[in-house]
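To start, the structure under review is shown below, and the notes come after it.
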Amino acid sequence: MTDKTILRALRGEILPTPPIWMMRQAGRYLPEYRATREQAGDFLKLCYNPELAAEVTLQPIRRYGFDAAILFADILLLPQALGADLWFVTGEGPRLSTITDMAGVTALKPTAGIHETLSPIYETVRILARELPPETTLIGFAGAPWTVATYMIAGRGTPDQAPAHKLKDTDRAAFVALIDGITEGTIEYLSAQVEAGVEVVKLFDSWAGSLKGQDFQDFALEPTKRIISALKARHPGLPIIAFPREAGQGYVGFAKATGADCVALDNSVTPEWAAEYVQVDGCVQGNLASHHMVTGGQALVDETRRIVKAFSQGPHIFNLGHGITPDANPDNVARMIDAVRST
Ligand code: CP3
């Protein structure tokens, strides 16, 4: 089992061809995903239906033969399990009840209660552990505390995370209590995913880039470090990927400081820079701009080869810099994989 290419790269091995998977690989750009979501009723019903969630997780594996499958779920299921109301507005995105003060934080459910809501997710993992091809690695995930907090505070996605910054700067005690609560919940949630059968976990800190200076240390780096050390204490050897998206200079030393086995890179940094300053510490993942999945052509092939070449002297998992978008052309995904595997 330890021969799986993703696990080898995460242990620091340099492979002749980087293993590959893709953020949001199960998603709306695939007609078979849209059909299964329709069958489930809506996105949240799909997340909580283990048979159908396993089916959409497997779809991109069957179609493309990616080296890893990522559990089909969402980072906002944990807030829901902690007691937030959650719904999705079609064409707009997630909506949640908002948290604006300490009373809102203390009204959340205790961490031990999350499994009641999240047990279907663990069932999805158990199905996948049985059904995935033996060479495919199963990745579990959660949002990092800051990113999850931005949604719990604002009640929706925000371009600049202003409501979360405001709570951080005006009611520090409530903000820190929220970050702590999410951190505890995330440890329990990821630990249960591992017990159900995921082999790697990834922490998505999609809005890490809006934390600057000391805030980045306190609310991106520190919670990630706490989660990683708790998970590794419970599950020795568990490989962990951290994705502090748009961290820029903050990527440098992030793996060492947090204990992550791999840092996932967005495409705001060049692969040549990241090879020199980030990959020196170990495995990196990334970082093709996802617009190439829409535009295709020779630029897609050239940029893919450039990334493979830049990272060829160290451990690397090929991926996009962020999730594939619904307007992507499925044929471009096949072209990307061909370009990686034929370089
Ligand atoms: O294939 C995979 O990557 C695994 C499943 C997965 C989803 N969301 C499914 C999903 C993962 C890993 C996520 C992570 C996630 N969810 C993040 C972090 C990564 C990132 O994109 O920055 C965030 C911020 C969320 C919260 C979220 N979920 C938003 C803001 C939205 C709406 C925007 C959008 O893309 O529609 C979602 C919905 C969502 N999560 C979809 C999928 C496939 C689309 C919903 C649909 O099918 O209608």
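Numbering (the working numbering), first residue to last: 24 to 366. Every residue gets a Cβ at the ideal spot worked out from N, C-alpha and C, and that includes glycine. Note that the coordinates shown come from a computational prediction; the quantities given were computed from them, not determined experimentally.
Compare the Cα-Cα distances from residue i to each of the options and report the closest residue.
| i | options | result |
| --- | --- | --- |
| Ala-331 | Pro-39, Leu-119, Ala-280 and Asp-26 | It should be pointed out that residue 331 corresponds to Val in this sequence rather than to Ala. Of the listed residues, the one whose Cα sits closest to Val-331 is Pro-39. |
| Thr-129 | Ile-205, Ala-215, Leu-343 and Pro-267 | Ile-205 |
| Glu-326 | Tyr-56, Pro-349 and Asp-361 | Asp-361 |
| Pro-143 | His-188, Gly-260, Leu-101 and Trp-110 | Leu-101 |
| Glu-207 | Trp-44, Ile-137, Ile-347 and Ala-58 | Ile-137 |
| Ala-196 | Pro-157, Ala-165 and Ala-126 | Ala-126 |
| Val-79 | Gly-64, Arg-57 and Phe-89 | Arg-57 |
| Asp-26 | Glu-222, Glu-115, Arg-85 and Phe-198 | Glu-222 |
| Ala-172 | Phe-198, Asp-183, Asp-194 and Asp-192 | Phe-198 |
| Ala-388 | Pro-246, Ala-185 and Ile-162 | One cannot answer for residue 388 here, as it falls past the ends of the chain, which runs 24 to 366. |
| Val-112 | Asp-192, Val-303 and Asp-65 | Asp-65 |
| His-315 | Arg-364, Val-303 and Arg-328 | Arg-328 |
| Ala-32 | Asp-304, Arg-47, Ser-214 and Asn-352 | Asp-304 |
| Phe-164 | Asp-194, Leu-81 and Arg-47 | Arg-47 |
| Ala-357 | Phe-334, Val-317 and Ala-177 | Val-317 |
| Ile-210 | Ala-49, Asp-192, Asp-194 and Lys-248 | Lys-248 |
| Pro-168 | Leu-99, Val-324, Asp-192 and Gly-273 | Leu-99 |
| Glu-218 | Pro-349, Tyr-145 and Thr-193 | Tyr-145 |
| Phe-89 | Ala-107, Pro-157, Thr-59 and Gln-103 | Pro-157 |
| Trp-296 | Ser-313, Gly-273 and Gly-282 | Gly-273 |
| Gly-35 | Asp-284, Thr-147, Ser-313 and Tyr-300 | Asp-284 |
Roughly how many angstroms lie between the CA atoms of residue i and residue j, to the nearest whole one?
| i | j | result |
| --- | --- | --- |
| Pro-42 | Gln-336 | 14 Å |
| Asp-241 | Ala-278 | 15 Å |
| Leu-105 | Thr-134 | 7 Å |
| Arg-118 | Arg-153 | 34 Å |
| Glu-61 | Arg-51 | 11 Å |
| Met-24 | Thr-159 | Low per-residue confidence applies at Met-24: pLDDT is 48, beneath 50, and the placement is therefore not dependable enough to give any value. |
| Asp-14 | Leu-190 | Look at the range of the chain in this structure, 24 to 366, and you will see that residue 14 is not part of it. |
| Gly-319 | Met-359 | 9 Å |
| Ala-322 | Tyr-87 | 21 Å |
| Leu-109 | Ala-256 | 32 Å |
| Ile-202 | Gln-216 | 21 Å |
| Val-292 | Leu-155 | 33 Å |
| Leu-131 | Glu-55 | 37 Å |
| Leu-53 | Ile-37 | 32 Å |
| Glu-115 | Gly-276 | 36 Å |
| Pro-353 | Thr-366 | 21 Å |
| Ala-177 | Arg-364 | 42 Å |
| Pro-349 | Asp-97 | 16 Å |
Given a cut-off of 9 Å, decide if residue j and residue i are closer than it, judged by their beta-carbon atoms.
| i | j | result |
| --- | --- | --- |
| Leu-94 | Leu-151 | yes |
| Ser-229 | Phe-266 | yes |
| Ala-91 | Thr-170 | no |
| Asn-355 | Gly-309 | no |
| Arg-149 | Gly-236 | no |
| Ala-270 | Phe-227 | no |
| Met-45 | Pro-83 | yes |
| Ile-264 | Lys-225 | yes |
| Leu-30 | Pro-259 | no |
| Ala-77 | Cys-70 | no |
| Val-286 | Ala-298 | no |
| His-339 | Asp-289 | no |
| Ala-280 | Leu-244 | yes |
| Pro-186 | Thr-121 | yes |
| Leu-213 | Leu-254 | yes |
| Ala-107 | Met-175 | yes |
Considering residue i, what are the terminal residues of the beta strand (DSSP E) in which it resides?
| i | result |
| --- | --- |
| Gly-163 | 160–166 |
| Phe-227 | 223–228 |
| Ile-122 | Here Ile-122 belongs to no beta strand (DSSP E), and DSSP marks it neither H nor E. |
| Ile-263 | 263–267 |
Under 9 Å, Cβ to Cβ, is there at least one residue of chain B near residue i?
| i | result |
| --- | --- |
| Arg-329 | This model lacks chain B altogether; it includes just one protein chain. |
Residue i lies in the alpha helix (DSSP H); which residues open and close that run?
| i | result |
| --- | --- |
| Trp-296 | 294–300 |
| Leu-67 | 66–70 |
| Pro-182 | That residue, Pro-182, is in no alpha helix (DSSP H); it is neither H nor E in DSSP. |
| Pro-338 | Pro-338 -> no alpha helix (DSSP H), and no H or E assigned at all. |
| Leu-109 | Leu-109 -> not in any alpha helix (DSSP H); beta strand (DSSP E) instead, spanning 109–112. |
| Ile-93 | Per DSSP, Ile-93 belongs to no alpha helix (DSSP H); it is in the beta strand (DSSP E), 91–93. |
| Lys-356 | Note that residue 356 is Val in the sequence shown here, rather than Lys. It spans 353–364 - the alpha helix (DSSP H) in which Val-356 sits, taken as one unbroken run. |
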